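*Asks:* Numbering (the working numbering), first residue to last: 44 to 334.
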């Protein structure tokens, strides 16, 4: 039997430095807006990066340097000068916009323009930050949201906490947490409490596949909420009806969905489903790194 403990001295996520990669896409600017919100909450330093993608720059040197428009099917020659010019214009616009937004929010931050492979640059820069915030997805030609390749790679390989944000969405309420009876699950719970504003309610999804464990954990959670003087709503789920709850929140534009993520969790398949189906910003909390 695995149950939670609510008596240990567990601290919420500590965020002093936030990294947000930005380009001109709408989902990366949704990530920037979320970064501004959390930098204000944590009084954290915000670092933005714009990556000049070396893979894109190398395209013009290939013998078949042509592109086909995704929507028009028009074939165009790829010009190195056009690529460089386009990247330069885009990077200047991103830098100017970033600086305006952090000045308006009165936050401490800076932005750098770097060149290299997108994933490698992001992963390297994120090593010096406590939280990485990225656009979760883009759209395919049919307009359907998808989990982007960079996001997938960072979920697998980046060792620190991630926030994934879809275009048009922002941090707000409801604040929902999938609870896990593990040390990282307790960090998730305390982080949710830290982010919860007075008068708001924390929605806790609690696994009831084992009824005995469910009842014990529900009692302990209620006691924790009473001790910390917060409002919680415990929603039970099983592996068979989780999709029903996800359909209820599908399409919400405001909120936050908190997920624990560690390699040995038995809920890894459930986490994968949430990452694909939940449109809310997803805070994927990973175990603290040990030195």
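Positions of the beta carbon are idealized from the N, C-alpha and C atoms, including for glycine.
This one's a predicted model, so the numbers in the text were calculated from it and none came from an experiment.
Tell me whether residue 245 sits in a helix, a strand or coil according to DSSP, three-state version.
*Replies:* Translated into the one-based positions of the chain shown, residue 245 becomes position 202. DSSP places residue 245 in strand when its eight states are reduced to three.
*Asks:* Look at the Cβ atom of residue 62, then the Cβ atom of residue 204, and state whether they are nearer than 8 angstroms.
*Replies:* By 1-based counting over the chain shown, the position of residue 62 is 19. By 1-based counting over the chain shown, the position of residue 204 is 161. No, these two residues do not count as a Cβ contact at 8 angstroms.
*Asks:* I'd like the span of the beta strand (DSSP E) that includes residue 286, first residue to last.
*Replies:* Against the chain shown, residue 286 aligns to sequence position 243. Careful: residue 286 lies outside any beta strand (DSSP E), inside the alpha helix (DSSP H) at 285–292.
*Asks:* Quick test of your reading: residue 78 and residue 89, contact by CB under 8 angstroms. State the CB separation rounded to the nearest angstrom.
*Replies:* Looking up residue 78 in the chain shown gives position 35. Looking up residue 89 in the chain shown gives position 46. So it is a contact: roughly 6 angstroms between Cβ atoms.
*Asks:* Grouping DSSP H, G and I as helix and E and B as strand, with all else coil, what is residue 298?
*Replies:* Sequence index remark: in the chain shown, residue 298 carries index 255 (1-based). If DSSP states are grouped into helix, strand and coil, residue 298 belongs with the strands.
*Asks:* Could you tell me which of 86, 153 and 270 sits nearest to residue 64, measuring between CA atoms?
*Replies:* Position 21 of the chain shown, counted from the first residue, corresponds to residue 64. Here the closest residue by C-alpha is 153.
*Asks:* Can you say whether residue 262 is buried or exposed, counting buried as having 16 or more other CB atoms within 10 angstroms of its CB?
*Replies:* For the purposes of this step, residue 262 is taken as residue 219 along the chain shown, with counting starting at 1. Residue 262 should be labelled exposed.
*Asks:* Beta carbon of residue 95, beta carbon of residue 157: below 8 angstroms?
*Replies:* Along the chain shown, one-based indexing puts residue 95 at 52. Along the chain shown, one-based indexing puts residue 157 at 114. Result yes, Cβ atoms of residue 95 and residue 157 sit closer than 8 angstroms.
*Asks:* On a Cα-Cα basis, can you pick out the residue from 243, 250, 129 and 255 that is closest to residue 284?
*Replies:* Here residue 284 is taken as the residue at index 241 of the chain shown, counted from 1. With distances taken between Cα atoms, residue 284 lies closest to 250.
*Asks:* In terms of residues, what are the limits of the alpha helix (DSSP H) holding residue 263?
*Replies:* Here residue 263 refers to the residue found at position 220 when the chain shown is read from its first residue. Its alpha helix (DSSP H) spans residues 254–271.
*Asks:* Rounded C-beta distance between residue 223 and residue 303? I'm assuming under 8 angstroms.
*Replies:* For the purposes of this step, residue 223 is taken as residue 180 along the chain shown, with counting starting at 1. For the purposes of this step, residue 303 is taken as residue 260 along the chain shown, with counting starting at 1. Correct: roughly 4 angstroms between the Cβ atoms.
*Asks:* Go to residue 278, then tell me how far its alpha helix (DSSP H) extends in each direction, as first and last residue.
*Replies:* Reading the chain shown from its first residue, position 235 is the one you call residue 278. It is not in any alpha helix (DSSP H) - residue 278 instead sits in the beta strand (DSSP E) that spans 274–280.
*Asks:* With 8 angstroms as the threshold, decide whether the Cβ of residue 293 is near any Cβ in chain B.
*Replies:* You won't find chain B in this structure, because it holds only one protein chain.
*Asks:* What do you reckon, are the CB atoms on residue 164 and residue 219 nearer than 8 angstroms?
*Replies:* For this step, residue 164 is matched to residue 121 along the chain shown. For this step, residue 219 is matched to residue 176 along the chain shown. No, they are not a contact pair.
*Asks:* So the candidates are 134, 55 and 231; which of them puts its Cα closest to the Cα of residue 155?
*Replies:* Within the chain shown, numbered from 1, the residue matching residue 155 stands at position 112. The shortest C-alpha separation from residue 155 is found at 134.
*Asks:* With DSSP as the reference, identify every bridge partner of residue 153, one or two as the case may be.
*Replies:* As a first step, residue 153 must be located in the chain shown, where it is residue number 110. DSSP lists 90 as partners of residue 153.
*Asks:* Out of curiosity, what's the CA-to-CA distance linking residue 212 and residue 319?
*Replies:* Position 169 of the chain shown, counted from the start, is the residue given in the question as residue 212. Position 276 of the chain shown, counted from the start, is the residue given in the question as residue 319. Near 15 angstroms, if we compare the C-alpha coordinates of residue 319 and residue 212.
*Asks:* In the DSSP assignment, the alpha helix (DSSP H) including residue 228 goes from what residue to what residue?
*Replies:* By 1-based counting over the chain shown, the position of residue 228 is 185. That run of the alpha helix (DSSP H) goes 226–238.
*Asks:* Note down, in chain order, each residue of its chain lying with its Cβ closer than 6 angstroms to the Cβ of residue 173, except the 5 sequence neighbours on either side.
*Replies:* The residue labelled residue 173 in the question sits at position 130 within the chain shown. The answer, listed in chain order, is 58, 59 and 60.
*Asks:* One question on the structure: do residue 75 and residue 144 come within less than 8 angstroms of each other, judged by their Cβ atoms?
*Replies:* By 1-based counting over the chain shown, the position of residue 75 is 32. By 1-based counting over the chain shown, the position of residue 144 is 101. Their beta carbons are under 8 angstroms apart, which means residue 75 touches residue 144 by this criterion.
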